[in-house]
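This report refers to the structure that appears directly beneath it.
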Amino acid sequence: MWYYLIALIVFLIDQGTKWIIATRLTLYEQIPVIGNFFFITSHRNTGAAFSILEDQRWFFVIVTIVVAMGIIWYMYKIRHQQGHILPIGLSLILGGALGNFLDRLLTGEVVDFLEFNFGAYTFPIFNVADMGITIGVSLVLLDAMLSVKREKALEAEIRRHEAEHGRPEDGQSKEGSMP
Numbered sequence: 001m002w003y004y005l006i007a008l009i010v011f012l013i014d015q016g017t018k019w020i021i022a023t024r025l026t027l028y029e030q031i032p033v034i035g036n037f038f039f040i041t042s043h044r045n046t047g048a049a050f051s052i053l054e055d056q057r058w059f060f061v062i063v064t065i066v067v068a069m070g071i072i073w074y075m076y077k078i079r080h081q082q083g084h085i086l087p088i089g090l091s092l093i094l095g096g097a098l099g100n101f102l103d104r105l106l107t108g109e110v111v112d113f114l115e116f117n118f119g120a121y122t123f124p125i126f127n128v129a130d131m132g133i134t135i136g137v138s139l140v141l142l143d144a145m146l147s148v149k150r151e152k153a154l155e156a157e158i159r160r161h162e163a164e165h166g167r168p169e170d171g172q173s174k175e176g177s178m179p
């Protein structure tokens, strides 16, 4: 399935950019990219997003293994379904999760480097894997919302059809009854 290729691409871009940061910049070194708004900053994180659950390396390793296995199983299960939003979202999550997983497994910390400042507020520093996970989760949520909308439209179509033609289980239709 080509969706696994998406996960691999996210993983490789993530690992490549982290390698560049880790080998070319000293810890906390900062390179301005766009004025005071966007910086490349070498940072390490032992927690999850926004540094929550710091120093819980093995917790994250185990959770990531379980989540990755679940995503792979579910992507296999839905491989013949129509629609691309859900599998693309899951692929992005998988690639990002595996990128951060490898960092945690090998070093116990994740390399973060994308820093954005909004006036006095600095958004937590993140990496390509985090972007994959965030965009992936957004696509999964979008797919869920669209699925609900599709189901409601289908139910409305069934009700309209029944109103025009009668219910199939009644054995009757508005065109006439059976003799």
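Everything in the sequence shown is counted per the UniProt record's numbering, starting at 1 for the first residue and increasing by one. Cβ atoms here follow ideal geometry from the backbone N, Cα and C, with glycine treated the same way.
Straight-line measurement puts the Cα of Glu155 at about 15 Å from the Cα of His165.
Contact between the region 91-104 and the region 122-136 is present: 3 or more CB-CB pairs across the two stretches fall below 8 Å. With contacts defined by Cβ atoms closer than 7 Å, Glu115 and Arg44 do not form a contacting pair. Ser91 has its alpha-carbon roughly 11 Å from the corresponding atom of Met1. The beta-carbon separation of Asp143 and Gly89, rounded to 6 Å, stays under the 8 Å limit for a contact. Under a 10 Å Cβ-count criterion, Leu141 is classified as exposed, with fewer than 16 other Cβ atoms of the shown protein chains found around its own Cβ. For Glu164, there is no enclosing beta strand (DSSP E); the residue is part of the alpha helix (DSSP H) that begins and ends at Val128 to His165. Going by beta carbons, Gly95 and Val10 fall inside the 7 Å limit. Residue nearest to Phe38 within the set Ile6, Val111 and Gly119 is Gly119 (criterion: CA-CA distance).
One alpha carbon belongs to Pro124, the other to Ile133, and they sit about 15 Å apart. For Asp14, the uninterrupted alpha helix (DSSP H) segment begins and ends at Tyr3 to Arg24. In the three-state reduction of the DSSP assignment, Phe37 falls in the coil class.
DSSP places Asp112 inside the beta strand (DSSP E), whose first and last residues are Val110 to Phe118. The DSSP assignment places 85-107 as complete runs of the alpha helix (DSSP H) inside the region 61-117, in order along the chain (cut-off: 4 residues). At a Cβ-Cβ threshold of 7 Å, Leu53 and Ser42 do not count as neighbours.
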